[in-house]
Amino acid sequence: MILSVIRRYPSTKLICVGYSMGGNIVTKYLGEYQSKKSINIIGGVSICQGYDIIRGTKWLLQWQNFRRIYLYAMTEAMKAIILKHRNKLMSENAKLMYNICEKDVISAATLPELDEAYTRKVYNYKSLPEMYHRSSSINYLKGITDPMIFINTCDDPLIHESLLPPIREFASTHDKVAYIEVTHGGHLGFYEGGIFYPNTTTWLDNTLIELIESFSALHSKDKASIC
Numbered sequence: 001m002i003l004s005v006i007r008r009y010p011s012t013k014l015i016c017v018g019y020s021m022g023g024n025i026v027t028k029y030l031g032e033y034q035s036k037k038s039i040n041i042i043g044g045v046s047i048c049q050g051y052d053i054i055r056g057t058k059w060l061l062q063w064q065n066f067r068r069i070y071l072y073a074m075t076e077a078m079k080a081i082i083l084k085h086r087n088k089l090m091s092e093n094a095k096l097m098y099n100i101c102e103k104d105v106i107s108a109a110t111l112p113e114l115d116e117a118y119t120r121k122v123y124n125y126k127s128l129p130e131m132y133h134r135s136s137s138i139n140y141l142k143g144i145t146d147p148m149i150f151i152n153t154c155d156d157p158l159i160h161e162s163l164l165p166p167i168r169e170f171a172s173t174h175d176k177v178a179y180i181e182v183t184h185g186g187h188l189g190f191y192e193g194g195i196f197y198p199n200t201t202t203w204l205d206n207t208l209i210e211l212i213e214s215f216s217a218l219h220s221k222d223k224a225s226i227c
């Protein structure tokens, strides 16, 4: 996707923004592929991710704060995508090549069960812990060289508070990284205002615009100082 945008707009500057698991993907990308990363990317923003998939999944499997219900909903959504493209993702050739049992995919009730039945096999990981470890952004933080901002909330029903100390510590020791932790916001909610109904524009909407403007200004300043 990034390459497609750059091909169409070669001089454009990009800021990668990821929500929830998308935040994990953006962080991993910026920390893992520095040598291959396009110079068009000038920064990144991660919102409401858990950083450590192995530990985060253990919390999602609990019923507290209805986490297990969220997990079920996410699992069903992922299964729906796979089944929608069943002709390609679970063709007879694919099932034979990756040793996929369609019944196991359909009956999966949690993301770990779905990942074990499908994702791990397709991406050729020996075990689920190996896949989760190598996919966790916490293992790629030290490779980040671009300005990056991480945002989490204290009342996130999906991201347990115990998952946040590593990013707090990392941000406190790296000049180009900032960590924002707000008391309220839930998981990607950030609603504010209104007695009966919240404002249509959330705190996150306004904050992201300000952050992106700051990234752009910082990049222009750095570019001017080099010239």
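All residue numbers for the sequence shown refer to the UniProt record's numbering, where the first residue is 1 and numbers rise by one.
C-beta: ideal position from N, C-alpha, C; glycine also.
Inset, instruction - Could you please give me the residues that DSSP links to residue 152 through a beta bridge? - result: 181
Inset, instruction - Hey, could you find the ends of the beta strand (DSSP E) residue 2 is sitting in? - result: Here residue 2 belongs to no beta strand (DSSP E); instead the alpha helix (DSSP H) covers 2 to 8.
Legend entry - Pick from 16, 7 and 165 that is closest to residue 147, judged by C-alpha positions: 16
Legend entry - DSSP beta-bridge partners of residue 53: Paired residue(s): none; residue 53 is not in a bridge.
Legend entry - Inside the segment 73 to 122 only - alpha helix (DSSP H) runs reaching at least 4 residues: 86 to 89, 92 to 98, 102 to 107 and 111 to 114
Legend entry - residue 205 beta carbon less than 7 Å from that of residue 186: no
Inset, instruction - Starting from the Cα of residue 18, find the closest Cα among 57, 158, 137 and 222 and give me that residue. - result: 137
Inset, instruction - Just the C-alpha distance for residue 37 and residue 125, rounded to the nearest angstrom, thanks. - result: 25 Å
Legend entry - Nearest-angstrom Cα separation, counted from residue 57 out to residue 8: 39 Å
Legend entry - Cα-Cα separation between residue 2 and residue 39, rounded to whole angstroms: 11 Å
Inset, instruction - Taking all protein chains shown into account, decide if residue 61 is buried (16 or more other Cβ within 10 angstroms of its Cβ) or exposed. - result: exposed
Inset, instruction - Compute the distance between the beta-carbons of residue 140 and residue 28, then report whether it is under 7 Å. - result: yes
Inset, instruction - Use the C-beta contact count for residue 26: other C-beta atoms within 10 angstroms, 16 or more gives buried, fewer gives exposed. - result: buried
Inset, instruction - Take residue 105 and list the residues in its own chain whose beta-carbon comes closer than 6 Å to its own, dropping the five residues that flank it on each side. - result: 117 and 118
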